[in-house]
Amino acid sequence: MSGNLKIKITEVALRDGSHAIAHQFTVDQVTRVAKALDEAKMPYIEVAHGDGLAGSSLQYGLSRTYEMELIEAAVSVCQHTRVAVLLLPGIGTVNELKHAAGLGAKMARIATHVTEADVSAQHIAMSKELGLETVGFLMMSHMAPVEKLVEQAKLMESYGADIVYVVDSAGALLPHEVRERIRALRNTLTVEIGFHGHNNLSLAMANTLVAIEEGATRIDGSARCLGAGAGNTQTEVLVAVLDRLGIDTGIDLYKMMDVAEETVAPILHTPQEITRDSLVLGYAGVYSSFLLHAQRAAKRFGLDSRDILVELGKRKVVGGQEDMILDVAAEIAKKKTEAAG
Amino acid sequence: MAKVKAAILGSGNIGTDLMLKLLRSDVLELTCLIGIDPDSDGLRRAKEMGIETIDTGIEGFLHRPELADIVFDATSAKAHIRHAKKLKEAGKLVLDLTPAAVGALVVPPVNLHEHPEADNINLITCGGQATIPIVHAINRVCPVEYAEIVATISSRSAGPGTRANIDEFTQTTSRGIEKIGGAKKGKAIIILNPAEPPIIMRDTVHALVEEETMDVEVITRSIQEIVLEVQAYVPGYRLRTEPLFDGNKVTVFLEVEGAGDYLPKYSGNLDIMTAAAVKVAEECAKRQLAKVAGEIR
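This is the structure in structure tokens:
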């Protein structure tokens, strides 16, 4: 049973991967991926718009399929696997959380920027009231010093979170930075600790292993790296590596490889690799879901997308501020025109 | 010139900023600041400025109801529910700055004159005050099928009330976008940004107009006109760039810099609320004064 496992993995391709395919998941795709993951004995899968429940918007991209239909589809084929949803206070509300719980979601991950944990109290409390396993998800963890992260994680613990995650949304953390963060949390929290990485600097696997060494017991991965930016820690590879390390994830390795190869890979518009743009996300410390938006803005204004991303990093833009991409692009374009004139 | 007497309920940041704005009004006379903490900065300042203070909350005021005809409620949504009932019984006109939204929703440049008989007026939210004028400006020339707003405020200017119940912001603002802005469907997103020095409040409006109705010039002009109207009471309200057009989508980038009365200039989100409340209250006061003058004649 997954209850005894030392490390519990959450497959996030059906949520984080939504960014990589511009939120175009269909019921058929989600059903097939969820069913195959269930057969592979994946403990948890997350299903939602990339920006969480109610994320479908002009700001982040409209969902092709209403996410509640996707959640319902995933729940309908999962015997073993528990379906998780993501909620960002400020975007989604407790109403969507109740709706998802009604459809059979068993876990809620409540995400805030690393310094803003106090906006999650209401949602964590409601999640617990609905009987859901509840995660506090501290995004853009690279943007705050360790002490601040600890303070915010303690807040989430105090609201009732069962697990608190260090989320490297920009794929910007280096292994020693992951080590000090997980270690500090392990020394102060009593709840479980999780780690969610992005592979923009090719460090997702290394960071994940460091996190596990320091005591993280909940780990996110995406099959074939189907996640924002260069994707997350590649789930099938992680399962193999942990197996070599003698850590049981409860997941069937061959079946996991098959899901990735046969069911997830065909969904990708292009294979996930570290392109210069995804590399710059990690380098400049920018939210991974900005990738496609920055490329579109670069095309529209005739700019290098890297210039836009670096400028966003300098301005300390946080997750969800996709509107800043067009704004900054328009500003850079205007400056260029003025300089040329 | 005769003035209408006004009181402020709530001696926190919003109440104190309101106090400074009301002292400049030609038609409103601030008679007292009501709080529950005699040591609060707001009540202390009021005393220093020679303004009467009540530190026993609404009950204290209800013992002396003759102090004001108009009451601004700058407490919390939860407290307002209770206050609204008592102030109604006392026959007061209430300007509600909490997101309780029990009264008529008002955004000055859109529907300032729509509720002359209302005894409780709600100012929606800061994001609503900043963006609903734009949704309305688009909708009055090209019907808006869908409008979505993103309000980004500095973490420092988001008070504990907003933080504890952020869903009230998104829900109340969405409702305002539809009911007052005129969009068939509305959506609101709020983002807190902790950058230091604090960022000035920014708002983005994305609107989809009915197919085949897009008129770039007419929409641009309509937006520019309404921006001038808002600027009349919030001078730091401005367009960051020209509106962007893409198919049937209009995107408008706004920035709201506060007047810096009591609150720092970056918290335009708080300033636009207090400024809008004063604007609405002044309108009501003018109406009352005109009525009285008419009766005398």
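These protein sequence lines map, in sequence, to chains A and B.
Sequential numbering of the first sequence, starting at 1, is according to the numbering used here.
Sequential numbering of the second sequence, starting at 342, is according to the numbering used here.
Positions of the beta carbon are idealized from the N, C-alpha and C atoms, including for glycine.
Residue from the options whose Cα sits closest to the Cα of residue i
{"i": "Ala-73 (chain A)", "options": "A:Leu-87, A:Tyr-60, A:Ala-48, A:Ala-230", "result": "A:Ala-48"}
{"i": "Thr-554 (chain B)", "options": "B:Glu-486, B:Thr-592, B:Ile-567, B:Gly-523", "result": "B:Glu-486"}
{"i": "Gly-601 (chain B)", "options": "B:Gly-527, B:Ala-548, B:Thr-357, B:Asn-506", "result": "B:Thr-357"}
{"i": "Ala-415 (chain B)", "options": "B:Leu-361, B:Ala-459, B:Leu-438, B:Gly-398", "result": "B:Leu-438"}
{"i": "His-547 (chain B)", "options": "B:Ile-540, B:Val-593, B:Ile-531", "result": "B:Val-593"}
{"i": "Ala-117 (chain A)", "options": "B:Ile-422, B:Ile-507, B:Cys-467, B:His-421", "result": "B:Ile-507"}
{"i": "Leu-291 (chain A)", "options": "A:Arg-244, A:Ala-230, A:Glu-331, A:Arg-315", "result": "A:Ala-230"}
{"i": "Arg-504 (chain B)", "options": "A:Glu-147, A:Val-119, A:Lys-154, A:Phe-195", "result": "A:Val-119"}
{"i": "Val-619 (chain B)", "options": "B:Leu-428, B:Pro-535, B:Val-571, B:Glu-636", "result": "B:Val-571"}
{"i": "Asp-28 (chain A)", "options": "A:Leu-53, A:Ile-71, A:Leu-303, A:Met-205", "result": "A:Ile-71"}
{"i": "Leu-446 (chain B)", "options": "B:Ile-422, B:Ile-521, B:Arg-423", "result": "B:Ile-521"}
{"i": "Thr-421 (chain B)", "options": "B:Lys-433, B:Asp-410, B:Val-443", "result": "For clarity, residue 421 (chain B) is His in the given sequence; the question names Thr instead. Measuring from the Cα of His-421 (chain B), the nearest candidate turns out to be B:Val-443."}
Three-state secondary structure assigned by DSSP to residue i
{"i": "Ser-2 (chain A)", "result": "Low local confidence applies: a pLDDT of 46 at Ser-2 (chain A) is under 50, so the model's placement there is unreliable, and no value is given."}
{"i": "Ser-18 (chain A)", "result": "helix"}
{"i": "Met-390 (chain B)", "result": "coil"}
{"i": "Gly-609 (chain B)", "result": "helix"}
{"i": "His-364 (chain A)", "result": "The question about residue 364 (chain A) has no answer here: the residues shown for chain A are numbered 1 through 341."}
{"i": "Pro-501 (chain B)", "result": "helix"}
{"i": "Ile-247 (chain A)", "result": "coil"}
{"i": "His-477 (chain B)", "result": "helix"}
{"i": "Met-614 (chain B)", "result": "helix"}
{"i": "Pro-89 (chain A)", "result": "strand"}
{"i": "Ile-411 (chain B)", "result": "strand"}
{"i": "Ala-161 (chain A)", "result": "coil"}
{"i": "Val-491 (chain B)", "result": "strand"}
{"i": "Asp-382 (chain B)", "result": "helix"}
{"i": "Ala-631 (chain B)", "result": "helix"}
{"i": "Ala-153 (chain A)", "result": "helix"}
{"i": "Lys-344 (chain B)", "result": "coil"}
{"i": "Arg-365 (chain B)", "result": "coil"}
{"i": "Leu-241 (chain A)", "result": "One detail in the question is off: residue 241 (chain A) reads as Val in this sequence, not Leu. Looking at Val-241 (chain A) - three-state DSSP - the assignment turns out to be helix."}
{"i": "Cys-225 (chain A)", "result": "helix"}
Between the CA atoms of residue j and residue i - distance to the nearest angstrom
{"i": "Met-1 (chain A)", "j": "Tyr-159 (chain A)", "result": "Low local confidence applies: a pLDDT of 42 at Met-1 (chain A) is under 50, so the model's placement there is unreliable, and no value is given."}
{"i": "Lys-419 (chain B)", "j": "Thr-249 (chain A)", "result": "47 Å"}
{"i": "Ser-56 (chain A)", "j": "Leu-86 (chain A)", "result": "13 Å"}
{"i": "Glu-598 (chain B)", "j": "Ser-563 (chain B)", "result": "22 Å"}
{"i": "Asn-463 (chain B)", "j": "Arg-579 (chain B)", "result": "24 Å"}
{"i": "Gly-517 (chain B)", "j": "Val-191 (chain A)", "result": "40 Å"}
{"i": "Asn-480 (chain B)", "j": "Ala-441 (chain B)", "result": "26 Å"}
{"i": "Asp-162 (chain A)", "j": "Val-135 (chain A)", "result": "6 Å"}
{"i": "Met-324 (chain A)", "j": "Leu-408 (chain B)", "result": "47 Å"}
{"i": "Leu-359 (chain B)", "j": "Val-621 (chain B)", "result": "13 Å"}
{"i": "Gly-523 (chain B)", "j": "Ala-488 (chain B)", "result": "9 Å"}
{"i": "Thr-263 (chain A)", "j": "Arg-581 (chain B)", "result": "45 Å"}
{"i": "Val-150 (chain A)", "j": "Val-83 (chain A)", "result": "28 Å"}
{"i": "Arg-365 (chain B)", "j": "Glu-537 (chain B)", "result": "32 Å"}
{"i": "Val-310 (chain A)", "j": "Val-318 (chain A)", "result": "13 Å"}
{"i": "Val-482 (chain B)", "j": "Ile-560 (chain B)", "result": "6 Å"}
{"i": "Glu-551 (chain B)", "j": "Thr-545 (chain B)", "result": "20 Å"}
{"i": "Lys-41 (chain A)", "j": "Leu-279 (chain A)", "result": "32 Å"}
{"i": "Leu-363 (chain B)", "j": "Gly-197 (chain A)", "result": "52 Å"}
{"i": "Ala-478 (chain B)", "j": "Ile-567 (chain B)", "result": "6 Å"}
{"i": "Cys-225 (chain A)", "j": "Thr-208 (chain A)", "result": "14 Å"}
{"i": "Met-107 (chain A)", "j": "Phe-402 (chain B)", "result": "48 Å"}
{"i": "Gly-351 (chain B)", "j": "Ile-377 (chain B)", "result": "8 Å"}
{"i": "Ser-417 (chain B)", "j": "Gly-502 (chain B)", "result": "7 Å"}
Residue i: CB within 7 Å of a non-hydrogen atom of the ligand FAD
{"i": "Glu-261 (chain A)", "result": "By its list of ligands, the structure shown contains no ligand whatsoever, and the ligand FAD lies outside what it can speak to."}
Is the number of C-beta pairs between the region 390-398 of chain B and the region 372-380 of chain B that are closer than 8 Å three or more? yes
Write down every uninterrupted run of the alpha helix (DSSP H) in the region 423-456 of chain B whose length is 4 residues or greater and which is fully enclosed by it, in chain order. 449-452
Would you call the region 492-512 of chain B in contact with the region 605-623 of chain B, where contact means no fewer than 3 C-beta pairs closer than 8 Å? yes
Quick one: which unbroken beta strand (DSSP E) runs of 3-plus residues sit fully inside the region 514-554 of chain B? Chain order, please. 526-534, 542-550
Could you check whether the region 217-233 of chain A touches the region 9-20 of chain A, counting it as contact only if at least three pairs of C-beta atoms, one from each stretch, sit closer than 8 Å? yes
Start-end ranges of the alpha helix (DSSP H) lying completely within the region 89-122 of chain A, minimum 4 residues: 94-103
Please give the ranges of any alpha helix (DSSP H) in the region 250-320 of chain A, keeping only runs that are unbroken, at least 4 residues long and fully inside the region. 253-258, 276-284, 290-301, 305-314
Jot down the residue ranges of each uninterrupted beta strand (DSSP E) in the region 7-92 of chain A, minimum 3 residues, whole runs only, in chain order. 8-11, 44-46, 82-87
Does the contact criterion of 3 or more C-beta pairs under 8 Å hold for the region 104-118 of chain A versus the region 128-148 of chain A? yes
Assess, as a yes-or-no matter, whether the region 294-311 of chain A is touched by the region 61-70 of chain A under the definition of 3 or more beta carbon pairs within less than 8 Å. no
The region 36-43 of chain A / the region 255-262 of chain A touching (three or more Cβ pairs under 8 Å): yes
Under 8 Å: do the region 267-280 of chain A and the region 238-247 of chain A share three or more Cβ pairs, one atom per stretch? no
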